[in-house]
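Below is one structure, written out as structure tokens; comments come after it.
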Amino acid sequence: MNHRWWWALLAMPLAVTAQCTLVFRWLPAGGSPDFVLLLTLACAWWRGIPGGAAAGFWGGLLMGAARGNLCGPMAVIYLAAGWLAGAYLQERDDRVALLWLGAAATVIVCGLEAGLMAVLGFSYSVGLAALAELALCHSLLLAPVSLGPRSED
Numbered sequence: 001m002n003h004r005w006w007w008a009l010l011a012m013p014l015a016v017t018a019q020c021t022l023v024f025r026w027l028p029a030g031g032s033p034d035f036v037l038l039l040t041l042a043c044a045w046w047r048g049i050p051g052g053a054a055a056g057f058w059g060g061l062l063m064g065a066a067r068g069n070l071c072g073p074m075a076v077i078y079l080a081a082g083w084l085a086g087a088y089l090q091e092r093d094d095r096v097a098l099l100w101l102g103a104a105a106t107v108i109v110c111g112l113e114a115g116l117m118a119v120l121g122f123s124y125s126v127g128l129a130a131l132a133e134l135a136l137c138h139s140l141l142l143a144p145v146s147l148g149p150r151s152e153d
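The opening position of the sequence shown corresponds to residue 1 in the numbering used here, with each subsequent residue numbered one higher.
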């Protein structure tokens, strides 16, 4: 039995800590890689819909708690990203699909988060340069994951 999925769930608090403390505004256009989203996509690659959805929900709860706001909505956004990624990757064995999905999930999660923040009255914006940079960064960071084997059980 492959236990990478459980290690990913245990690594989620480390990803949230790194996201909130170490890599704030790391990239030249002002963005930073979303390690929670990357770990969610990796779980969806390894374990399909259940792994992606569980990792996304757990990561969204932790991310909302670390930011001090929006625990529930962030959990739903990341859960949806993990579920959709798992459903998309479940039908495909193409390793390039994970890289394209990394870019697409970045755009979707940033859009959902910006919409949610606007509805709730918070100021939040992502420029096109930062969004393109994040999409490329996420695809490059997912490349080593796509080279590893997928779970068969």
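Yeah, the Cβ is synthetic: ideal placement off N, Cα and C, and Gly gets one too.
What are the complete alpha helix (DSSP H) segments, minimum 4 residues, inside the segment 20 to 102? 35 to 67 and 71 to 90
Please state whether the Cβ-Cβ distance between A65 and V36 is less than 8 Å. As a first step, residue 65 is located in the sequence shown; it is residue number 65 there, counting from the start. As a first step, residue 36 is located in the sequence shown; it is residue number 36 there, counting from the start. Not in contact: A65 and V36 (Cβ atoms no closer than 8 Å).
In three-state terms, what does DSSP make of G115? Translated into the one-based positions of the sequence shown, residue 115 becomes position 115. Correct three-state label for G115: helix.
Residues of its chain near L120, where Cβ-Cβ distance is below 6 Å and the 5 sequence neighbours each way are ignored: As a first step, residue 120 must be located in the sequence shown, where it is residue number 120. So the list is empty, once near-sequence residues are dropped.
Give me the Cα-Cα distance between A11 and Q90, rounded to the nearest whole angstrom. To locate residue 11, count along the sequence shown from 1; it is residue 11. To locate residue 90, count along the sequence shown from 1; it is residue 90. Each residue's Cα considered, the two are about 23 Å apart.
Are the Cβ atoms of A53 and G82 separated by less than 8 Å? Reading the sequence shown from its first residue, position 53 is the one you call residue 53. Reading the sequence shown from its first residue, position 82 is the one you call residue 82. Result yes, Cβ atoms of A53 and G82 sit closer than 8 Å.
Out of L84, L39 and A18, point me to the one whose CA is closest to W58's CA. As a first step, residue 58 is located in the sequence shown; it is residue number 58 there, counting from the start. That would be L39, whose Cα lies nearest to the Cα of W58.
So, L61 versus C71, is the Cβ gap smaller than 8 Å? Numbered from its first residue, the sequence shown carries residue 61 at position 61. Numbered from its first residue, the sequence shown carries residue 71 at position 71. Going by C-beta atoms, L61 is nearer than 8 Å to C71.
What do you get for G51, buried or exposed, if any count of 16 or more other CB atoms within 10 angstroms of its CB means buried? What you label residue 51 is simply residue 51 of the sequence shown in a count that begins at 1. Burial call: buried.
Nearest neighbour of E109, chosen from A8, L9 and P73 [CA to CA]: Mapped onto the sequence shown, residue 109 falls at position 109. Note on identity: in this sequence residue 109 is Val, with Glu being the wrong assignment. If we check each option's Cα against that of V109, P73 comes out closest.
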